[in-house]
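Trainee: Residue numbers (the numbering used here), protein chains in the order written: chain A, 408 to 688; chain B, 408 to 688. C-beta: ideal position from N, C-alpha, C; glycine also.
2 protein chains.
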Amino acid sequence: MIVAKTREETRKAVAEARKAGKSVGLVPTMGALHAGHVSLVKQSVADNGFTVVSIFVNPTQFGPSEDFTKYPRQLEADAELCRKAGVDVIFAPAPHEMYPEDFSTYVEETRLSKGLCGRSRPTHFRGVTTVVMKLLNIVMPDRAYFGQKDAQQAAVIKRMVRDLDVPVEIVVMPIVREGDGLAMSSRNKYLAGDLQSEAPALSRALEEAKRVFAAGERDVAALQSVMKNVIAAAPHAKVDYVEVVDAATLEPVKKIARTALVALAVFVGDTRIIDNTVLEP
Amino acid sequence: MIVAKTREETRKAVAEARKAGKSVGLVPTMGALHAGHVSLVKQSVADNGFTVVSIFVNPTQFGPSEDFTKYPRQLEADAELCRKAGVDVIFAPAPHEMYPEDFSTYVEETRLSKGLCGRSRPTHFRGVTTVVMKLLNIVMPDRAYFGQKDAQQAAVIKRMVRDLDVPVEIVVMPIVREGDGLAMSSRNKYLAGDLQSEAPALSRALEEAKRVFAAGERDVAALQSVMKNVIAAAPHAKVDYVEVVDAATLEPVKKIARTALVALAVFVGDTRIIDNTVLEP
Numbered sequence: 408m409i410v411a412k413t414r415e416e417t418r419k420a421v422a423e424a425r426k427a428g429k430s431v432g433l434v435p436t437m438g439a440l441h442a443g444h445v446s447l448v449k450q451s452v453a454d455n456g457f458t459v460v461s462i463f464v465n466p467t468q469f470g471p472s473e474d475f476t477k478y479p480r481q482l483e484a485d486a487e488l489c490r491k492a493g494v495d496v497i498f499a500p501a502p503h504e505m506y507p508e509d510f511s512t513y514v515e516e517t518r519l520s521k522g523l524c525g526r527s528r529p530t531h532f533r534g535v536t537t538v539v540m541k542l543l544n545i546v547m548p549d550r551a552y553f554g555q556k557d558a559q560q561a562a563v564i565k566r567m568v569r570d571l572d573v574p575v576e577i578v579v580m581p582i583v584r585e586g587d588g589l590a591m592s593s594r595n596k597y598l599a600g601d602l603q604s605e606a607p608a609l610s611r612a613l614e615e616a617k618r619v620f621a622a623g624e625r626d627v628a629a630l631q632s633v634m635k636n637v638i639a640a641a642p643h644a645k646v647d648y649v650e651v652v653d654a655a656t657l658e659p660v661k662k663i664a665r666t667a668l669v670a671l672a673v674f675v676g677d678t679r680i681i682d683n684t685v686l687e688p
Numbered sequence: 408m409i410v411a412k413t414r415e416e417t418r419k420a421v422a423e424a425r426k427a428g429k430s431v432g433l434v435p436t437m438g439a440l441h442a443g444h445v446s447l448v449k450q451s452v453a454d455n456g457f458t459v460v461s462i463f464v465n466p467t468q469f470g471p472s473e474d475f476t477k478y479p480r481q482l483e484a485d486a487e488l489c490r491k492a493g494v495d496v497i498f499a500p501a502p503h504e505m506y507p508e509d510f511s512t513y514v515e516e517t518r519l520s521k522g523l524c525g526r527s528r529p530t531h532f533r534g535v536t537t538v539v540m541k542l543l544n545i546v547m548p549d550r551a552y553f554g555q556k557d558a559q560q561a562a563v564i565k566r567m568v569r570d571l572d573v574p575v576e577i578v579v580m581p582i583v584r585e586g587d588g589l590a591m592s593s594r595n596k597y598l599a600g601d602l603q604s605e606a607p608a609l610s611r612a613l614e615e616a617k618r619v620f621a622a623g624e625r626d627v628a629a630l631q632s633v634m635k636n637v638i639a640a641a642p643h644a645k646v647d648y649v650e651v652v653d654a655a656t657l658e659p660v661k662k663i664a665r666t667a668l669v670a671l672a673v674f675v676g677d678t679r680i681i682d683n684t685v686l687e688p
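1) Report back the beta-carbon spacing between Ile638/B and Val673/B to the nearest angstrom; my notes put them in contact at under 8 Å.
2) Can you give me the Cβ contacts of Ala439/B inside the same chain, cut-off strictly under 8 Å, excluding the 5 residues immediately before and after it?
3) I'd like to know whether the C-beta of Asp572/B is nearer than 8 Å to at least one C-beta of chain A.
4) Where does His531/A land, buried or exposed, given buried means 16+ other C-beta within 10 angstroms?
5) In this structure, how does DSSP classify Asp454/A when only helix, strand and coil are distinguished?
6) Cutting at 6 Å between CB atoms, please list the residues of its own chain near Tyr648/B, excluding the five before and the five after it.
7) Exposed or buried, which one is Lys541/B when buried takes at least 16 other CB atoms within 10 Å?
8) Judging by CA-CA distance, which residue of Ala608/A, Arg418/A, Phe510/A, Ser451/A is the nearest neighbour of Gly432/A?
9) Within the chosen definition, does the region 597-615 of chain B reach the region 566-576 of chain B through at least 3 CB pairs nearer than 8 Å?
10) Roughly how many angstroms lie between the CA atoms of Ile582/B and Thr517/A, to the nearest whole one?
11) Ignoring anything shorter than 4 residues, give me the alpha helix (DSSP H) runs that lie fully in the region 594-626 of chain B, in order along the chain.
12) How long is the line joining the alpha carbons of Leu602/A and Arg611/A, rounded to whole angstroms?
13) DSSP three-state call for Ala644/A: helix, strand or coil?
14) Excluding five sequence neighbours on each side, which residues of the same chain lie with their C-beta closer than 6 Å to the C-beta of Gly493/B?
15) Taking the alpha-carbon positions, what's the Leu589/A to Lys556/A distance?
16) Using beta carbons (cut-off 8 Å, strictly below), is Thr666/B in contact with chain A?
17) Compute the distance between the beta-carbons of Thr417/B and Val546/B, then report whether it is under 8 Å.
18) How about Val660/B: is its C-beta nearer than 8 Å to some C-beta of chain A?
19) Would you mind reading off the limits of the beta strand (DSSP E) that contains Asp682/B?
20) Cα separation between His441/B and Met591/B?
21) Use the C-beta contact count for Thr467/B: other C-beta atoms within 10 angstroms, 16 or more gives buried, fewer gives exposed.
22) Taking a contact to mean a Cβ-Cβ separation below 8 Å, would you say Val496/A touches Thr512/B in this structure?
23) Measure from the alpha carbon of Ile409/A to the alpha carbon of each residue in Pro500/A, Glu658/A, Ala558/A, then state which is nearest.
24) Out of Leu523/A, Phe457/A, Phe463/A, which has the shortest C-alpha to C-alpha gap to Ala427/A?
25) One question on the structure: do Lys662/B and Val619/B come within less than 8 Å of each other, judged by their Cβ atoms?
26) Does any residue of chain B have a CB that is nearer than 8 Å to the CB of Ile545/A?
27) What residues in the region 489-502 of chain A bring their beta carbon closer than 7 Å to a beta carbon of chain B?
28) Here's the rule I'm using: 16 or more other beta-carbon atoms within 10 Å means buried, otherwise exposed. How should Arg528/A be labelled?
29) Please list, in chain order, all residues of the same chain as Val434/B whose beta carbon is under 6 Å from its beta carbon, the five residues on each side excluded.
30) Going by other Cβ atoms of all chains shown within 10 Å of its Cβ, with 16 needed for buried, is Glu605/B buried or exposed?
31) Counting only Cβ pairs nearer than 9 Å, list the residues of chain B close to Ser527/A.
32) Confirm, please, whether the CB-CB distance from Ala616/A to Met634/A is below 8 Å.
33) What did DSSP end up calling Ser520/A once you bin it into helix, strand or coil?
34) State the beta-bridge partners of Met580/A as determined by DSSP.
35) Would you report the Cα separation of Glu473/B and Glu658/B, rounded to the nearest angstrom?
36) Could you check whether Ile564/B and Thr537/B sit closer than 8 Å to each other, using their CB atoms as the reference points?
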């Protein structure tokens, strides 16, 4: 396994794999890898002869008051995990390798990215689509892997790939959860003491919504109320949003008549946690 | 030569050329081909084993009050010209092939695109970068060819390719002029009667600026004044801008100390004409 710091080194390794007739998978990450990432890596290794994992804490997707500087960085542990999983190249560039000082071009999805997390993080998805476009152009993979935990991100990336005719297949893998239901996230590291035991309120709220939905409830306000009650029971939890949207357009709905995405963002202490589930009527 | 209406057909033809070991050149155009386009096509045919010319009047680069509907369309004459020049594929999609109804992703260059033509055409370059990114992703050429007549466009495209790590070489070809100095443009077709004889005022203004510059003038206000006087002599000419900018950053300068781009946009009757030259101190 190579740990490449430059685009050139990465491209060279991929070109050799291509010459050997191998298909290429890309798993874009910000590092601090957990079992959710590992599920993406394993799928890529199963699907492709050659797997690249990018590890890059991307400054353009963080807002000015967000956790860019304190975001966990642990390249050695990540590399060990990748090696065991059969990764061929880790692409771990420094910020200046990705963004020259006079960088001035962005990719922006203008509809799906505006609601949900886009409302509280207005420049986030522009940063995500821009860096993913760069990574796709550097690695030129056959397939790229994303987690359903970031459901809106997956939808935005799929839309970008469709709209800009990017020749890649986007594979979205299911949410991986802790034993207590908490969706795996690198930001879970921020949760100390009591907060750790309060964070599973999100997945419990989703479970409760699924139960009520299965019993016939189709009214979104009623489902939201059920979920908010579960979250309110956690003393350090503060709702950012509890929404039910059309799974295709990500537009809010009032009654569930088509496949819906239930998406939550909740501050547990200072840590913003997201989770979601899909409801099929 | 194939005239392909779909992305799929185009990709298939390019894939076959790739399999045969050929390099691929792309000449993106809006059709109504003239000798300027032909110079790009000839260069591509000389540089590459396989040349694709795209002919697409791109709606997203026209403003609401601009000439999208009346822009000249003449696919048969264009095809004849391409066939003679040795083109392998014309990609001539309908708008819905490029932009589905729920299209929502744009590529935007945020610095070089803001001055000059970007000031009077605020959404123009976003449309250009978006469609060029799509064309590059559809054709995946080794080289793509643009004309220096649209100097700002060439700078914006080069910046986009650098910033987003697009694996393509951008080749910029010199301006081709009529005998009277008028820079070739599909929009010259709009010029009737007197306007035709007034339009060369732009190139005369540039020639005059070059002469004064060669004689030692470095003050931009003085050069602007010289050019505006030449243009003012044409009764139906109305200046949009007469600017001298740094050739690398496209920022306005007051004295010429580094390579500068002199750029003009002038309405001749209702037709907006642009032209430019480079000054090397």
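Mentor: Once the coordinates are examined:
1) The pair is a contact, with the Cβ atoms about 6 Å apart (cut-off 8 Å).
2) Tyr478, Pro479, Arg480, Gln481, Asp485, Ser593, Lys596
3) Under the 8 Å criterion on CB atoms, Asp572/B is classed as interfacial with respect to chain A.
4) With 16 or more Cβ atoms within 10 Å of its Cβ, His531/A is classed as buried.
5) helix
6) Ala672
7) buried
8) Ser451/A
9) In short, these stretches do not touch, since the Cβ pair count stays below three.
10) 36 Å
11) Runs of the alpha helix (DSSP H) lying entirely within the region 594-626 of chain B and spanning at least 4 residues, in chain order: 601-605, 608-621.
12) 15 Å
13) For Ala644/A, the secondary structure class from DSSP, reduced to helix, strand or coil, is strand.
14) Val452
15) 11 Å
16) no
17) yes
18) It does not: the Cβ of Val660/B has no partner Cβ on chain A nearer than 8 Å.
19) 678-686
20) Here the alpha carbon of His441/B sits roughly 7 Å from the alpha carbon of Met591/B.
21) buried
22) The criterion of a C-beta distance shorter than 8 Å is not satisfied by Val496/A and Thr512/B.
23) Pro500/A
24) Phe457/A
25) no
26) yes
27) none
28) Classification of Arg528/A: buried, given that the 10 Å Cβ count is 16 or more.
29) Excluding positions up to five away in sequence, the list reads Leu447, Val448, Ser451, Val460, Tyr552.
30) Classification of Glu605/B: buried, given that the 10 Å Cβ count is 16 or more.
31) By Cβ distance, chain B contributes nothing, its closest Cβ being about 20 Å from Ser527/A, past 9 Å.
32) yes
33) It is coil, neither helix nor strand.
34) Gly554/A
35) 26 Å
36) no
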